[in-house]
Each structure stands twice: as structure tokens, then as C-alpha cells.
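*Asks:* For what it's worth, UniProt numbering labels the leading residue of the sequence shown as 1, then goes sequentially.
Sharing a structure, written as C-alpha cells. Questions coming.
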Amino acid sequence: MADVQRQPEVRALPKKEFRSIFWRSFSLLGSFNFERMEGLGFLYAMLPSLKRIYRDDEAGLKNAMSRHLETFNMTVAPSPLVMGTAVAMEEKAKADPTFDTTAISAVKVSLMGPLSGIGDTFFWGIFRILAVSLAIGFAQQGSVLGPIVLLVVFNIPNFLTRWYSLKFGYSQGQGIMRSMGSANTMQLFTYCAGIVGAMAMGSMTAFWVPITSPLKFTISKNHIVIQDYLDQIFPALLPIAFTLGVLWLLKKRLPVMGVIGIVIAGGFLLGALGIIAGAAE
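Quick look at the structure:
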């Protein structure tokens, strides 16, 4: 009789570590900034796992901390799913010296967009409205239950989503790592995740950098609006050009405060001359 091949056992995060990541995920927005957004909060949540994984590897711990300090931004409730997946990938990176660690960042970025779309729809489009509607009914009657109902109705799905998405992310991360035994599979996965990540970052650039040009000309009684032509040639050309310009300055090792100074001075000058505007009209 042929031996039945046993499936690899799915491990779980240590309970103390699981609870630590869960509670730390609530501080994701505690240090939000426009350079790394939720990056510092993400690293703070990941620290218990990183210290366990790299407890005997100081250089590896520093590299992992640097990876998770990168820009990160998404709806906070499902963010533990990304954290759990990242923990599983970090374990694989520690166990396999040939593992391409750029895949960790690529997966994080590729998950930000889809999970944010789902999170925004449910938490800001459904649960918030439902909670507020129920709370207003009590508040109009002068009941102290108004704010209590608001907090309970909104936070029950919030807590449940964080708890179970962390479990799901870690278990799925383990499954992904087991199914990618070959270098070609991992290379393809990293490549595809990078494409999705680039799309997400491009969308974020267009949304967070709303630069337009108010320039208008009249030639032979024809009104020419520069921004209309830019949109036809390359939508969001000015935001992407600005973002790439800032990236170029940072790669030139220019201090962050120097880059900020250039942005402020350049924005003031170009705005005063009527060449650019800070938001679409």
C-alpha cells in the first residue's frame, strides 16, 4: 500500500505574540505622516515577531526593521492580514538564505489597494453609517446609550476583522511559502506582486498629489486650457512628474528637510506665477 503523503502542519503564532500584534495594530495611525504614512505603526506592530525570528541575527533584524519602515497605507481594520502574511514571509526569509526579501515589500504593497477598497466600503460606507444611524435614534431621545451604541456597533466588526484577519494572513502566508518551492515560482510571484504594487502606488500618487496647471491661452479666438491637453496626452502627468522629481532628489542624498524646502519654495513660486495649482478645480 502506497504511503499517504502527510500535509505540512499549519502552525499558529504564539499566543502572546498574536495578542501583541493584535493590540499594536490599533496604533497604526498613531504616527501617520506624509513621508512613510503608516510605516512606523506597521513596524511597531511587527516588532514582537521580528525579535523572535531574528533573535540571534542582529543584522537580519535591522534589515527586517528597515523593510517594514517603508511607506505603508491602507484601511486600518484589515491591516493585520498584511501583518500576518509578512510574519510568515519573514520566517521563510530567515529559514532560507536564498529567499528574495524584496517579495515581502512587493506583497505588502500589492495587498494595500484591494484590502483598502474592501475596508473602506464596509467600515466607512456600511458599518459607520449603520452605527451612527442607530446611535442618533437613541441620542434624539436623550438616552446615554447613543454614544455607547455607536462605539459598540462600529467596533465589534472592527475587532473581529483584526483578530481573524491576523490568523488568516499568517496561515495563508505559510501556505503561499510552501507552494513556492521553486525559484521560478517565487520570481514570477514577486514580479506579479510588483506590477500590482506599482499600480497601487500610481493610484496613490494621483490621489495624494493633486497638482494641476491653470494656464490658459487665447489664440485666434480659441481658448486653450493647458490642463485639458495634458489630460489627453498623459492623465496625472504633473503629479507623477512631481513625485519622480522628489524621488530623484532623495536618491541624490539630499536631506529630507532640504527636499521639503525646495517643494515649498518651488510651489510658492510656480503658484504665484499661475503655472500650477494645488488641487483640481
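Every residue, glycine too, gets a C-beta built ideally from N, C-alpha and C.
Treat the numbers as computed from the prediction; the structure is a model and nothing was measured.
Residues in its own chain within less than 8 Å of Ser213 by CB, not counting five upstream and five downstream?
*Replies:* For Ser213, where only same-chain residues beyond five positions count, the Cβ hits under 8 Å are Ile226, Gln227, Leu230, Leu238, Ile275, Ile276 and Ala277.
*Asks:* Residue range of the alpha helix (DSSP H) that Ile233 falls in?
*Replies:* Run containing Ile233: Ile226 to Ile233, per the alpha helix (DSSP H) assignment.
*Asks:* Determine, using beta carbons only, whether Ala88 and Gly173 come nearer to each other than 8 Å.
*Replies:* Taking 8 Å as the Cβ cut-off, Ala88 and Gly173 qualify as a contacting pair.
*Asks:* Would you give the residue range spanned by the alpha helix (DSSP H) that Ile219 belongs to?
*Replies:* Run containing Ile219: none in the alpha helix (DSSP H); it sits in the beta strand (DSSP E), Lys216 to Ile219.
*Asks:* Assign Ala59 to buried or exposed, taking buried as 16 or more other Cβ atoms, counted over all protein chains shown, within 10 Å of its Cβ.
*Replies:* That one is exposed.
*Asks:* Across which residues does DSSP place Asn73 in a beta bridge pair?
*Replies:* Asn73 pairs with nothing; no bridge assigned.
*Asks:* Mind listing, in chain order, the continuous alpha helix (DSSP H) runs of no fewer than 4 residues lying wholly within the stretch 13 to 40?
*Replies:* Here the runs fully enclosed are 15 to 24.
*Asks:* Given 8 Å as the limit, is there contact between the stretch 151 to 169 and the stretch 124 to 135, that is, 3 or more CB pairs closer than that?
*Replies:* Touching, yes, given that three or more Cβ pairs across the two stretches are closer than 8 Å.
*Asks:* Would you report the Cα separation of Val82 and Phe26, rounded to the nearest angstrom?
*Replies:* Going from the Cα of Val82 to the Cα of Phe26 covers about 14 Å.
*Asks:* To which residues of the same chain is Met65 closer than 7 Å at the C-beta, ignoring the five residues directly before and after it?
*Replies:* Contacts found: Leu43 and Leu50.
*Asks:* Got a sec, what are the start and stop residues for the alpha helix (DSSP H) Trp248 sits in?
*Replies:* Per DSSP, Trp248 belongs to the alpha helix (DSSP H) from Leu237 to Lys251.
*Asks:* Shortest alpha-carbon distance to Thr39 belongs to which of Arg52, Phe22 and Asn73?
*Replies:* For the sequence presented, residue 39 should be read as Gly rather than Thr. Among Arg52, Phe22 and Asn73, the Cα nearest to that of Gly39 belongs to Asn73.
*Asks:* Could you tell me which uninterrupted alpha helix (DSSP H) segments, each at least 4 residues in length, are contained entirely in the stretch 42 to 130, listed from first to last along the chain?
*Replies:* For the stretch 42 to 130, whole alpha helix (DSSP H) runs of length 4 or above, ordered along the chain, are 58 to 67, 79 to 95 and 102 to 119.
*Asks:* Give the C-beta separation of His68 and Ala95 to the nearest angstrom, bearing in mind that I take them to be a contact with Cβ-Cβ under 8 Å.
*Replies:* Between Ala95 and His68 the Cβ distance is about 18 Å, and since that is not below 8 Å, they are no contact.
*Asks:* How many whole angstroms separate the CB atoms of Ala131 and Leu150, which I take to be in contact at a CB cut-off of 8 Å?
*Replies:* Right, their Cβ atoms sit about 5 Å apart.
*Asks:* Looking at Gly84: is its Cβ nearer than 8 Å to the Cβ of Leu29?
*Replies:* Going by C-beta atoms, Gly84 is not nearer than 8 Å to Leu29.
*Asks:* In its own chain, which residues sit with a C-beta less than 7 Å from the C-beta of Ser105, not counting the 5 before and 5 after it?
*Replies:* Around Ser105: Arg67 and Glu70.
*Asks:* On the CB-based measure, 16 or more other CB atoms within 10 Å of its CB, does Val256 come out buried or exposed?
*Replies:* When all chains shown are included, Val256 counts as exposed.
*Asks:* Rounded to whole angstroms, what is the Cα-Cα separation between Thr121 and Pro114?
*Replies:* Each residue's alpha carbon lies about 11 Å from the other.
*Asks:* Exposed or buried, which one is residue 288 when buried takes at least 16 other CB atoms within 10 Å?
*Replies:* Outside the displayed range of the chain (1 to 281) lies residue 288, so it cannot be described from this structure.
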